[in-house]
Amino acid sequence: MHSTIVRAQNVFGFFTTVAFIIAALIAGSDLIAPRTPSASVLVKDVQVVRGRPHYYSSKKEEYAHIRFSLSADFSSLFTWNTKQIFVYVSAAWPNSTSSELVNEAVIWDTIITSPSADHLLTLGPAAMKKLLKSSQGKSIDPSRGKIELKNQKPKYQITSPTGKLAETDGVVLKVHYNVQPWVGVLTWTPQMEFGKWEKLKGGESKAFQLPALKPKKSNSANKS
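For the record, in the sequence shown the residue sitting at position 104 is 104 according to our numbering, with numbers rising by one throughout.
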């Protein structure tokens with residue numbers, strides 16, 4: 001005769017085995033769902049300023065503000081297992097000390113939640129009501145994964161380890177994403193096609209040069 005404890009252990013072991021198998025099937029279902037994301041990013045305005053880029057900066061350095069326009073469609077990344085998608089835009093430029101290294105910094109980001117994860121967002125009542133309305137009648141509204149930004153201000157300014165950015169050449173903006181599922185592993189922007197998962201179409205701007213610092217006006221010019 002098995003004791004009560006042994007029977008409970010057997011039931012618990014069977015339960016965890018079944019739960020693991022179901023979780024593996026849910027995670028594996030993402031592989032059969034096609035992913036065809038696309039994005040287009042354009043540089044609209046660039047400024048390089050000298051000062052303290054952050055309130056905690058101890059010294060003055062050069063930092064850049066980059067305005068951009070973004071048109072993206074990530075609707076194919078939403079499946080029944082998608083919790084949310086983290087989208088971000090970075091600026092990348094060659095490293096001055098090594099041709100094999102690249103400097104890269106994030107200038108803007110956002111989180112797009114699935115309808116079942118809307119409660120995780122810290123939104124006001126009006127914004128939450130509008131968001132919930134967008135998902136009525138559909139499991140996932142395709143418009144959720146679409147982004148249209150015009151002349152967007154950056155959330156973060158970029159700096160360089162050297163403290164100098166003016167007249168830097170070969171700078172490009174890149175769009176990235178990270179899919180966070182309810183069950184399974186995080187998946188980042190793929191660098192190659194994998195089954196039904198396609199690489200991000202577009203998602204990179206033309207190379208551009210950061211402008212020079214604007215010369216300060218002299219005292220005599222200010223007096224006149």
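Just so it is clear, CB atoms sit at the ideal spot from N, CA and C, and this is done for glycine as well.
Computed from a predicted model, the values in this text were never measured in an experiment.
{"Query": "Beta-carbon proximity of S38 to L200, cut-off 8 Å", "Result": "yes"}
{"Query": "Span of the beta strand (DSSP E), counted from its first residue to its last, around G51", "Result": "38-51"}
{"Query": "CA-to-CA distance, W188 to Q9, given in whole angstroms", "Result": "38 Å"}
{"Query": "Pairwise C-alpha distance: L186 and N178", "Result": "7 Å"}
{"Query": "Three-way DSSP call (helix, strand, coil) for P154 in this model", "Result": "coil"}
{"Query": "Where I5 falls, given that 16 or more other Cβ within 10 Å makes a residue buried", "Result": "exposed"}
{"Query": "Backbone secondary structure at V11 - three-state DSSP", "Result": "helix"}
{"Query": "For G202, the three-state DSSP class (helix, strand or coil)", "Result": "strand"}
{"Query": "Beta-carbon contacts of W108 that lie in its chain and below 6 Å, excluding the five residues immediately before and after", "Result": "V89, P154, K155"}
{"Query": "Simplified DSSP state of V185, which is helix, strand or coil", "Result": "coil"}
{"Query": "Option in P125, P211, G195 with minimal Cα separation from E167", "Result": "P211"}
{"Query": "For F208, the residue or residues it bridges with in DSSP", "Result": "V171"}
{"Query": "Rounded straight-line distance, which links the Cα of P161 to that of S98", "Result": "13 Å"}
{"Query": "According to DSSP, residues forming a beta bridge with T82", "Result": "P181"}
{"Query": "Bounding residues of the beta strand (DSSP E) (the contiguous stretch that carries L70)", "Result": "61-73"}
{"Query": "Exposure label - F78; buried when at least 16 CB within 10 Å", "Result": "buried"}
{"Query": "Rounded separation between E104 and R50 - CA only", "Result": "19 Å"}
{"Query": "Exposure label - V11; buried when at least 16 CB within 10 Å", "Result": "exposed"}
{"Query": "Three-state class that DSSP yields for A225 in the structure shown", "Result": "The structure shown does not extend to residue 225, since the chain is modelled only from 1 through 224, so no value can be given for it."}
{"Query": "Beta-carbon proximity list for W197, same chain, < 7 Å, skipping 5 on both sides", "Result": "R35, P190"}
{"Query": "V41 versus N81, K174, V183, Q209, residue with shortest Cα-Cα distance", "Result": "K174"}
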